[in-house]
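Undergrad:
Numbering (my numbering), first residue to last: 7 to 193.
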């Protein structure tokens, strides 16, 4: 059966993408999937702004990434459930933090990943991680903030600069919520 014009155009764009950028479609999909982006427009804008791709190529990569992951993605609920296997005692900490964060505003995005949950506004401002069987970490993006008794500087800061470690629900104080809100307000 002959290929239709759209299939031919797509194949041509994929070939030209490799020639023009030096990266294959698979490499671009990997780059895109490493980002904590949920909305299509955010993904397209990331590729356009951070990698100087045209709108056509950016849209094609986003579409191909969606096709590649169709049927293989776990639901957000499944991702969160997997994180707490063997760490069920930490789930109430996660639930209580999430309840507080959702009161910050209706612009909070909750984006579960394989090993953490990303909290985003315009950009990521926090990561919630059941780090060990007895420790729950909140990583925060708080540049130029001096650590205190609960807020410690990350040893190797990347996206997040500080961390708060919790062991029980009782460790979630007003001060903990204030630090998370400060990161939210900066996002």
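Glycine residues also receive a C-beta, built at the ideal position from the N, C-alpha and C atoms.
Note that this is a predicted model, so its numbers are computed, not measured.
Are there 16 or more other CB atoms within 10 angstroms of the CB of residue 161, so buried, or fewer, so exposed?
TA: The count along the chain shown starts at 1 and reaches residue 161 at position 155. A residue is called buried when at least 16 other Cβ atoms come within 10 angstroms of its Cβ; residue 161 does not meet this threshold and is exposed.
Undergrad: Taking C-beta to C-beta, are residue 67 and residue 34 nearer than 7 angstroms?
TA: Within the chain shown, the letter at position 61 stands for residue 67. Within the chain shown, the letter at position 28 stands for residue 34. Closer than 7 angstroms, so yes.
Undergrad: Do you know how far the Cα of residue 39 is from the Cα of residue 156?
TA: As a position in the chain shown, residue 156 is number 150, starting the count at 1. As a position in the chain shown, residue 39 is number 33, starting the count at 1. Near 33 angstroms, if we compare the C-alpha coordinates of residue 39 and residue 156.
Undergrad: In the structure shown, what three-state DSSP assignment does residue 192 receive?
TA: By one-based count along the chain shown, residue 192 stands at place 186. Note: residue 192 maps to helix in three-state DSSP.
Undergrad: May I ask which residues mark the beginning and end of the beta strand (DSSP E) holding residue 169?
TA: Numbered from 1 along the chain shown, position 163 holds the residue referred to as residue 169. Unbroken beta strand (DSSP E) run through residue 169: 168-172.
Undergrad: Where DSSP assigns a beta bridge to residue 113, which residues make up the other side?
TA: As a position in the chain shown, residue 113 is number 107, starting the count at 1. None, per the DSSP bridge assignment.
Undergrad: Count the C-beta pairs between the stretch 22-31 and the stretch 91-101 that are closer than 8 angstroms, then say yes if the count reaches three, no if not.
TA: no
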